[in-house]
Amino acid sequence: MSEVVMASDRSKEIDIARLTPNLGAQIGNLDLSQELTENEFSIVHQAFLENEVLVFRDQDIDARDQIAFGKLFGELSIHPFSPNLVDMPELIVLDNHKDNPPRLTDQWHSDETFREAPPMATILRSTITPKLGGDTMFASMSAAYEGLSDEIQRLISGLEGIFDFKPFRTLFTNDPESKRRLRKIEDEHPVRTHPVVRVHPESGRKSIFVNPQFTTGIKGMKDEESRTLLTLLFDQAKVPEYQFRHHWEQNTMIMWDNRSVLHYAIHDYYPQRRRMERVTIAGDKPFGLNAPYNGPYIGRPEIILSGQDAPPQDEGGPVRNFKR
Numbered sequence: 120m121s122e123v124v125m126a127s128d129r130s131k132e133i134d135i136a137r138l139t140p141n142l143g144a145q146i147g148n149l150d151l152s153q154e155l156t157e158n159e160f161s162i163v164h165q166a167f168l169e170n171e172v173l174v175f176r177d178q179d180i181d182a183r184d185q186i187a188f189g190k191l192f193g194e195l196s197i198h199p200f201s202p203n204l205v206d207m208p209e210l211i212v213l214d215n216h217k218d219n220p221p222r223l224t225d226q227w228h229s230d231e232t233f234r235e236a237p238p239m240a241t242i243l244r245s246t247i248t249p250k251l252g253g254d255t256m257f258a259s260m261s262a263a264y265e266g267l268s269d270e271i272q273r274l275i276s277g278l279e280g281i282f283d284f285k286p287f288r289t290l291f292t293n294d295p296e297s298k299r300r301l302r303k304i305e306d307e308h309p310v311r312t313h314p315v316v317r318v319h320p321e322s323g324r325k326s327i328f329v330n331p332q333f334t335t336g337i338k339g340m341k342d343e344e345s346r347t348l349l350t351l352l353f354d355q356a357k358v359p360e361y362q363f364r365h366h367w368e369q370n371t372m373i374m375w376d377n378r379s380v381l382h383y384a385i386h387d388y389y390p391q392r393r394r395m396e397r398v399t400i401a402g403d404k405p406f407g408l409n410a411p412y413n414g415p416y417i418g419r420p421e422i423i424l425s426g427q428d429a430p431p432q433d434e435g436g437p438v439r440n441f442k443r
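Going by the numbering used here, the sequence shown opens with residue 120, and the numbers climb by one from there.
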């Protein structure tokens, strides 16, 4: 189903076509090589909150356009160890081919949840696509939460997951410099806890906030109890009704909500070449059902949990510069 939204400042119709009932929308009739107006951004932002994954096809843009678009949503974060460009440290280059096989991304995960404040969103753009394969799958963990029974929802309310960047330790070799970098990253990113049920700071929706890549246990539970419960929650991402599968084409860019969406990069294209450029938008510390939220509230005050005070609507959130 397609919806046409009028951007009144340019008398231009932006097309929003939903891709599945639970997540995903394709944005049409919008040129991201040009500066967005405030009204155009508002339409895109609302579509992002409602659909969690946005697809922009046929975009003849470069890395600077991608970065400029990302900055409209907030400050961009720099990954602690993924390959980036010296002159554009916010940009991660993912270039996989026969001499550089893809690693670690072929499992359900949410980006950088080992951080105290994981990114709010990821923006990925294709520059070289394989002839076959290389799709990316997405799962709405807010739809997955809503699909749980009331009993399981009550069980996981207030629980905290344990997060660690442990899987990425295999990327570091045994040479002294690599060991030094690993120790530095371990010091900067110790084991964290985040709520198992996260409340979205803009929409107020609840989602399952654990993933197989970075969640290693449940605080206060025995190992076997953690494994049983986490397996049940991880399996929610495998339910087809909660998924959207994207086939990459040249000049396509996707933005997804890292606060409520898991994704899975399929490695079936190897040894073909697949090159992507990625930016991530800095986020805030996750909060759950039973914890007061002390940060800037950037959504509608009427959906704040009972007992939490909302600041005025004009406070909080990024200061957006629409001029490049």
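Backbone N, C-alpha and C define an ideal beta-carbon position, used for all residues, glycine too.
- If you look at isoleucine 385, you'll find it isn't in any beta strand (DSSP E); DSSP assigns it neither H nor E.
- In terms of Cα proximity to isoleucine 133, the closest of Gly143, Thr139 and Ala166 is Ala166.
- Just so you know, the alpha carbons of arginine 317 and leucine 408 end up roughly 7 Å apart.
- In the three-state reduction of the DSSP assignment, proline 295 falls in the helix class, which pools H, G and I.
- Rounded to the nearest whole angstrom, the CA to CA distance from arginine 378 to histidine 386 is 24 Å.
- In the three-state reduction of the DSSP assignment, isoleucine 275 falls in the helix class, which pools H, G and I.
- Collapsing the DSSP output to three states places valine 315 in coil.
- Distances from the alpha-carbon of serine 245 to those of His366, Ile400, Pro390 and Tyr383 put His366 closest.
- Of Leu155, Ala144 and Phe406, the smallest CA-CA separation from phenylalanine 441 is found for Leu155.
- Taking the C-beta atoms as reference points, isoleucine 242 is found nearer than 7 Å to methionine 374.
- Linking arginine 364 to aspartate 181 through their CA atoms gives a straight-line distance of about 24 Å.
- Judged by DSSP in its simplified three-state form, glutamine 332 adopts coil rather than helix or strand.
- Between phenylalanine 233 and isoleucine 197, the alpha-carbon positions lie close to 14 Å from each other.
- Counting along the chain, no alpha helix (DSSP H) covers phenylalanine 233, and no H or E run does either.
- Here leucine 210 is buried, its C-beta having at least 16 other C-beta atoms within 10 Å.
- Contact between isoleucine 304 and valine 315 is absent: CB atoms are separated by about 25 Å, not below the 8 Å threshold.
- For the 7 Å CB-CB criterion, isoleucine 247 and valine 398 do not form a contact.
- The shortest C-alpha to C-alpha distance from phenylalanine 333 to any of Gln355, Phe284 and Met340 is the one to Phe284.
- DSSP lists Arg394 as the beta-bridge partner residues of aspartate 214.
- In the structure shown, glutamine 178 adopts coil according to DSSP, grouped into three states.
- In this structure, alanine 236 lies away from aspartate 376, with their beta-carbon atoms at least 7 Å apart.
- Closest in alpha carbon position to glutamate 159, among Ile135, Gly143 and Glu171, is Ile135.
- By DSSP's assignment, glycine 147 forms a beta bridge with Asp134.
- The criterion of a C-beta distance shorter than 7 Å is satisfied by histidine 313 and glycine 280.
- If you look at isoleucine 162, you'll find it in the alpha helix (DSSP H) that goes 157-170.
- Counting the other CB atoms within 10 Å of its CB gives aspartate 230 a total of 16 or more, which places it among the buried residues.
- Counted as a single uninterrupted DSSP element, the stretch harbouring methionine 340 is not any beta strand (DSSP E), since DSSP gives it neither H nor E.
- One alpha carbon belongs to lysine 341, the other to glutamine 362, and they sit about 31 Å apart.
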